[in-house]
Each structure stands twice: as structure tokens, then as C-alpha cells.
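Visitor: For what it's worth, my numbering labels the leading residue of the sequence shown as 2, then goes sequentially.
We put the beta carbon where it would ideally sit given N, CA and C, even for glycine.
Only a predicted model underlies this, so the values are computations on that prediction, with no experimental measurement involved.
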Amino acid sequence: MRSDHSPEADESGFLSLTPERARVLLLVAARPATFALSAIVVLVLITLFAADSGMAGAAGAVAASWLAVHQVPLVIGKTALGLLPLLPTALLLGAAGRECYRAVAPNSSRTEIGWVIGAALGGPLLLTAVCLAVAEDASAVVALQPPDTLAAFGWVVFLHFGAAGAGIALGMRRRMFDLFRAPEWVIAGIYGAGRTLLRLLGCAAAVTVVSFLAHWGDIGDTYRSAGNAWGFLGLTLLSLAYLPNVVLGAVGVLMGAGANFGAASIGLFGVVGGPVPAVPVMAAVPTGPASAWWAALLVIPAAVGVLGGIDAGRTSGDRLTAPWATLISAGLATLLLVLFGALAGGELGTFGRVGLELPIFALVSFGWLAGAGYVGLVCARYFVAPVGATLPGSDYYDDYDEDYDTDADYDDDYDSDDYRDYGDDDYREDDYHDDYRDDDDYDDGYDSYYDDDPDALDAELVDEPPTRATAPRQTLPDIVDAEVVETDPDFDSRAGGRR
Numbered sequence: 002m003r004s005d006h007s008p009e010a011d012e013s014g015f016l017s018l019t020p021e022r023a024r025v026l027l028l029v030a031a032r033p034a035t036f037a038l039s040a041i042v043v044l045v046l047i048t049l050f051a052a053d054s055g056m057a058g059a060a061g062a063v064a065a066s067w068l069a070v071h072q073v074p075l076v077i078g079k080t081a082l083g084l085l086p087l088l089p090t091a092l093l094l095g096a097a098g099r100e101c102y103r104a105v106a107p108n109s110s111r112t113e114i115g116w117v118i119g120a121a122l123g124g125p126l127l128l129t130a131v132c133l134a135v136a137e138d139a140s141a142v143v144a145l146q147p148p149d150t151l152a153a154f155g156w157v158v159f160l161h162f163g164a165a166g167a168g169i170a171l172g173m174r175r176r177m178f179d180l181f182r183a184p185e186w187v188i189a190g191i192y193g194a195g196r197t198l199l200r201l202l203g204c205a206a207a208v209t210v211v212s213f214l215a216h217w218g219d220i221g222d223t224y225r226s227a228g229n230a231w232g233f234l235g236l237t238l239l240s241l242a243y244l245p246n247v248v249l250g251a252v253g254v255l256m257g258a259g260a261n262f263g264a265a266s267i268g269l270f271g272v273v274g275g276p277v278p279a280v281p282v283m284a285a286v287p288t289g290p291a292s293a294w295w296a297a298l299l300v301i302p303a304a305v306g307v308l309g310g311i312d313a314g315r316t317s318g319d320r321l322t323a324p325w326a327t328l329i330s331a332g333l334a335t336l337l338l339v340l341f342g343a344l345a346g347g348e349l350g351t352f353g354r355v356g357l358e359l360p361i362f363a364l365v366s367f368g369w370l371a372g373a374g375y376v377g378l379v380c381a382r383y384f385v386a387p388v389g390a391t392l393p394g395s396d397y398y399d400d401y402d403e404d405y406d407t408d409a410d411y412d413d414d415y416d417s418d419d420y421r422d423y424g425d426d427d428y429r430e431d432d433y434h435d436d437y438r439d440d441d442d443y444d445d446g447y448d449s450y451y452d453d454d455p456d457a458l459d460a461e462l463v464d465e466p467p468t469r470a471t472a473p474r475q476t477l478p479d480i481v482d483a484e485v486v487e488t489d490p491d492f493d494s495r496a497g498g499r500r
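(1) What does the Cβ neighbour count give for Gly203, buried or exposed, with the cut at 16 atoms within 10 Å?
(2) Just to confirm the assignment, what range does the alpha helix (DSSP H) spanning Leu308 have?
(3) Could you pull out every residue in the same chain whose Cβ sits closer than 6 angstroms to the Cβ of Gly172, ignoring the five residues on either side in sequence?
(4) Is DSSP giving Glu348 helix, strand or coil here?
(5) Name the two residues that bound the continuous alpha helix (DSSP H) containing Ser240.
(6) Look up Phe262 in the DSSP assignment and give the residues it is bridged to.
(7) Leu145 bridges to which residues according to DSSP?
(8) Short check: CB of Val70 to CB of Thr90, under 7 angstroms?
(9) With a 10 Å radius around its C-beta and 16 neighbouring C-beta atoms as the bar for buried, classify Asn246 as buried or exposed.
(10) Examine the Cβ distances between the segment 257-277 and the segment 208-216 and report whether three or more of them are shorter than 8 angstroms.
(11) To the nearest angstrom, how far is it from the Cα of Phe352 to the Cα of Ala97?
(12) How close, in whole Å, do the beta carbons of Val45 and Ala59 come, if the pair is a contact with beta carbons under 8 angstroms?
(13) Applying the criterion that 16 or more other CB atoms from any shown protein chain within 10 Å of the CB defines a buried residue, is Gly306 buried or exposed?
(14) Are Phe362 and Gly377 close, meaning C-beta to C-beta below 7 angstroms?
(15) Tell me which residue opens and which closes the alpha helix (DSSP H) that Pro324 is part of.
(16) With Ala170 and Ala121 assumed to form a contact (beta carbons below 8 angstroms), what rounded beta-carbon distance in angstroms separates them?
(17) Within the continuous alpha helix (DSSP H) that includes His71, where are the two ends?
(18) I'd like to confirm the pairing. Which residues does DSSP put opposite Arg320 in its beta bridges?
(19) Nearest-angstrom Cα distance between Arg99 and Val29?
(20) According to DSSP, is Val248 helix, strand or coil?
(21) Can you tell me whether Ile77 is buried or exposed? The criterion is at least 16 other CB atoms within 10 Å of its CB, across all chains shown.
(22) Should Ser317 be labelled buried (16 or more other beta-carbon atoms within 10 Å of its own) or exposed?
(23) Apart from the five residues on each side of it in sequence, which residues of its chain come closer than 7 angstroms, Cβ to Cβ, to Ala167?
(24) Buried or exposed: which applies to Phe367, given that a residue is buried once 16 or more other Cβ atoms fall within 10 Å of its Cβ?
(25) Can you grab the Cα-Cα spacing for the pair Arg354 / Gly347, in whole Å?
(26) Suppose the cutoff is 6 angstroms on Cβ atoms and the five residues either side in sequence are ignored; what does the same chain contact list for Ala31 look like?
(27) Who are the Cβ neighbours of Ala136 in its own chain at under 8 angstroms, not counting the five residues just before and after it?
(28) Please state whether DSSP places Val277 in a helix, a strand or coil.
(29) Can you round the beta-carbon distance between Ala1 and Leu269 to whole angstroms, since I take them to be within the 8 angstroms contact cut?
(30) Of the choices Leu234, Ala345, His216, Leu127, whose alpha-carbon is the least far from that of Ala539?
(31) In chain order, what residues of the same chain lie with their CB nearer than 6 angstroms to the CB of Pro86, ignoring the 5 residues before and after it?
(32) Is DSSP giving Val272 helix, strand or coil here?
(33) When the Cα atoms are used, what is the spatial distance from Arg176 to Trp325?
(34) Are the CB atoms of Ala130 and Ala334 nearer to each other than 7 angstroms?
(35) Which of the three DSSP states, helix, strand or coil, is assigned to Leu82?
(36) CB-CB under 8 angstroms to Cys380, same chain, minus the five flanking residues each way: which ones, in chain order?
Put into C-alpha cells, the structure is as follows:
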């Protein structure tokens with residue numbers, strides 16, 4: 002439940018911690034971490050039970066799994082394990098960011114934001130301290146070397162601070178934009194970067210699925226070493242946990258940068274063979290020579306870049322000489338891709354380093370998104386949304402309501418010389434009757450207007466005195482003889498007067 006405090010809330014430290022706020026902060030600190038730790042305990046117990054192992058190393062396995070979820074490099078025996086699965090990390094950070102998003106309101110004060118960030122970091126840091134102590138004790142029972150304490154706390158702070166910041170910024174995005182006085186092209190670039198990132202990940206996931214289908218027989222071969230149903234389930238869960246790593250590797254390959262698997266590497270223009278881990282998820286990695294048609298896959302990042310440029314043209318005032326929103330979108334999307342690519346790689350025992358060539362990946366990503374984005378901007382400016390067109394999502398109507406919300410503003414406009422010059426020849430009474438006197442549509446619309454008005458007089462203009470047959474709605478026999486005269490031009494028409 003979101004906090005409903007205003008920016009003028011009490012800023013007096015601990016005195017501002019109300020019971021309701023304390024409950025919200027407890028959920029932020031404990032709920033994501035508790036769910037993650039519970040899932041880890043269940044998986045570890047199932048694994049030990051399936052392997053017919055004792056419970057002696059259960060505590061150490063739980064502690065190592067918690068650290069692995071936070072991408073803390075581990076050393077098991079003499080094997081360095083820096084390539085860690087991203088799916089558990091993404092699920093945990095997504096839950097933590099969602100809690101922070103729900104804990105703040107658009108008008109939350111700085112004290113409330115500080116409490117939320119502190120709670121989001123405090124719970125995971127406390128569990129990390131406990132897991133480090135458990136791992137230290139378990140090193141005498143299992144072949145687990147205690148990880149570096151500073152690196153462990155650093156990874157936890159980095160990941161959870163990023164998740165909390167993303168959740169808070171999303172919940173208070175309008176206030177953030179106003180606080181930093183961000184111009185509209187920055188806002189359009191931020192939203193464009195998010196859409197570009199989702200499109201690239203979606204295309205890479207689709208290519209990965211197609212590669213799985215093309216290497217279906219190789220996937221079956223990797224399951225032959227499973228042994229039994231528990232082994233089959235374990236390999237499946239392990240492959241699902243590493244699936245985001247493979248998708249990010251596919252993004253790098255689609256961009257034109259290579260992905261390394263120790264001595265082996267893969268790219269659109271060449272493949273270097275070598276040993277790869279024997280897990281089902283790695284069956285999607287091609288092992289043969291590069292085919293000539295693989296180069297056609299470069300159309301995917303080009304198309305995504307063009308769509309990003311078109312989005313920038315629709316939602317910003319970008320000009321061909323100043324494509325700032327397009328460049329912001331390309332730069333921010335590249336930064337996020339490089340960050341995710343760095344998290345997706347690492348050392349994997351005797352295989353060596355597995356991951357993307359990050360410097361080349363950064364250059365080609367920005368080149369594709371910025372260059373193709375500019376092409377999309379040109380298309381948008383000439384064919385979709387020329388400069389000066391009303392852009393979707395703008396605040397035009399909000400500004401209109403604010404400018405014309407009061408009667409005083411209307412009266413000021415009405416009293417201007419343009420409207421008071423009612424005696425102009427173009428609007429004299431003779432012309433008025435010539436144009437509209439015999440217009441049935443005008444009479445119908447005028448009559449329907451006054452029929453809807455409960456205070457309006459129901460009357461009819463006739464040439465002869467009406468009788469009961471011609472005026473059935475009259476209830477009195479007396480008829481008032483009257484003539485229509487021109488009213489004062491300054492009479493306010495909104496009060497029911499007719500000119």
C-alpha cells in the first residue's frame with residue numbers, strides 16, 4: 002500500500018516513523034528477501050534429498066546460493082564460479098523494486114524516501130552478513146572458500162540500491178522530471194530507451210527459441226547424462242536459470258559483436274569451435290561454421306533502431322539538426338545493455354571467461370541505435386509526425402483546462418475588441434436573417450438546445466395568432482402579442498440571452 006504523506010510531512014527523524022509507515026518499511030525490508038531465502042532453502046533440500054546426501058552441508062549450500070543470487074563470485078574447491086544465473090537475480094530485484102514502488106507516493110517527502118531506501122538495503126545486508134558467517138563456518142565441512150566480504154556487501158548494495166532507485170523513480174517519475182527540470186527531449190529519450198531495450202530483448206529471445214528448435218537433437222543428447230527424473234529436473238531448472246544469460250549473449254551476436262566461451266567464440270561472420278558446458282541451454286549455441294545468411298540478422302538491430310527514431314519523432318520535438326531525444330535513447334539503451342552484458346558474463350572454471358566482448362559491444366550497439374535511429378527520425382519527420390504537429394501524450398489539454406478554467410478568463414476574452422465589434426457589417430441583423438432565417442438545421446439545433454434547458458421559455462414564432470390546434474402545448478387561452486427585438490450586444494450569451 003502506498004504512503005499517503007505529503008512533502009510537508011514531519012521531518013523529525015525517528016519521530017516521523019508512524020506504525021503504518023513501520024509496517025510498510027518492514028514489508029520492503031523483509032518480504033522479497035524472505036521469499037527468496039525460502040525458495041533457496043526448498044531447492045537446496047530437494048537437491049540434497051535427490052542426491053541422497055546428508056544435511057551436513059545444507060547450511061553452507063543455502064549461504065552460497067544466497068550469495069550467488071547476488072552475483073557474488075564463489076570458489077568451490079579449486080573452481081572459480083563467476084558466471085552466475087541471472088533469472089533468480091532478476092526475480093529478486095524485480096520483487097524488491099516493486100515493494101519500493103508501492104511504498105512511495107508521488108508526493109512522498111525526502112524523509113520517507115530515505116526510510117524506504119534504508120529498508121530496501123537493510124534487510125538484504127543483514128541476511129548477507131549472516132550468510133557470510135555461515136559460509137565461513139561451512140568451509141570446514143564443504144569445499145567452499147569464504148568469499149570476499151567487501152565484494153559481497155558491495156554487490157548487495159549495488160543491486161538492491163539500483164532496484165530501489167528504479168522502483169522509487171518509477172513511482173515518482175513526474176516529480177523527478179519536475180525536480181531536475183528535465184526538458185521534453187530527455188523524457189522522450191528515457192521512454193524510448195526502455196522501449197528499445199524491450200524490443201531488442203524480445204527479438205533476441207525469439208532468435209534463441211528458433212535456435213533451440215534447430216538444435217533439438219543436441220538438447221536431447223545433453224539430457225542423457227541426467228540419470229533419472231531428478232537429474233532431468235535439475236538440468237531443466239539450471240537451464241532456465243541461465244536462459245537470460247543466453248538471451249543477452251544473443252543480443253551481442255545480433256549487434257555484430259562476438260560472444261566468447263573460453264577458447265570458443267561465435268559471431269555472425271565466424272565461429273571458432275571449442276568446448277562448451279554440457280547443459281541443455283547451451284545447445285542453442287551454433288557449433289558449425291558461420292553461414293552467409295547469418296549476416297541478414299543485422300536487419301534486426303537496424304529495424305529496432307529505426308523504430309526508436311520513429312518513436313522519438315512522435316514523442317519529442319527532435320529536428321534533423323538536433324536529434325537529442327534520439328541520441329539520449331540510443332546512449333541510455335547502450336548503457337543498460339552493456340551493464341546487463343557485464344552481469345551475464347564471468348569466469349566458469351576450466352572453460353575460462355564466458356561473455357560478450359564488451360568494448361566492441363558498446364561501440365556497435367550505440368552505432369546501430371543512433372545511426373538507424375536517425376534514419377527513423379528522418380522518416381518520422383517527413384512521413385509520420387512533422388515538426389509542429391500535435392504529439393500524442395502531450396499536455397495540451399491539461400494546459401487548455403488550466404488556462405480556461407475560470408470564468409474571469411473567459412470574460413476577459415469575450416470583452417476583447419474582436420468580439421465587442423458586433424456592429425460590423427458582416428454581422429448585421431439583415432445578413433443574420435438572410436443566412437440563418439430559413440435554415441432548418443439551425444432552427445432544429447436551436448430548438449433542441451432550449452428544449453434541454455429547464456429554465457428556457459418554450460415558444461414558437463408564427464405569422465398568425467395561434468390557436469389550440471396549432472399550439473397544443475399552450476395551457477392558457479390568452480396569447481401574448483410580442484415582437485423580437487435585438488438585445489444589447491454586450492449581453493452575455495451564456496446567461497440565456499439570444500442575439
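Guide: If we stick to the structure as given:
(1) exposed
(2) First-last of the alpha helix (DSSP H) with Leu308: 300-316.
(3) Tyr102, Val105
(4) strand
(5) 230-242
(6) Bridge partners of Phe262 according to DSSP: Ala265, Val355.
(7) Answer by DSSP bridge pairing, in chain order: Ile77.
(8) yes
(9) buried
(10) no
(11) 33 angstroms
(12) 6 angstroms
(13) buried
(14) Against a cut-off of 7 angstroms, the Cβ pair of Gly377 and Phe362 comes out as no contact.
(15) Run containing Pro324: none; DSSP gives neither H nor E here.
(16) About 13 angstroms; that fails the 8 angstroms criterion.
(17) Element bounds for His71: n/a, residue is neither H nor E.
(18) Ala323
(19) 9 angstroms
(20) helix
(21) exposed
(22) buried
(23) Gly98
(24) Phe367 is buried by the Cβ-count criterion.
(25) 5 angstroms
(26) Gly124
(27) Excluding sequence neighbours, Ala136 sits near Gly61, Ala64, Ala65, Leu68, Leu145, Pro147, Pro148.
(28) coil
(29) Not covered by the structure: residue 1. The range shown for the chain is 2 to 500.
(30) Residue 539 lies beyond the range of the chain shown here (2 to 500); nothing can be said about it.
(31) Ala242, Tyr243
(32) strand
(33) Counting only the Cα atoms, Trp325 lies some 22 angstroms from Arg176.
(34) no
(35) strand
(36) Val307, Gly310, Ile311, Gly314
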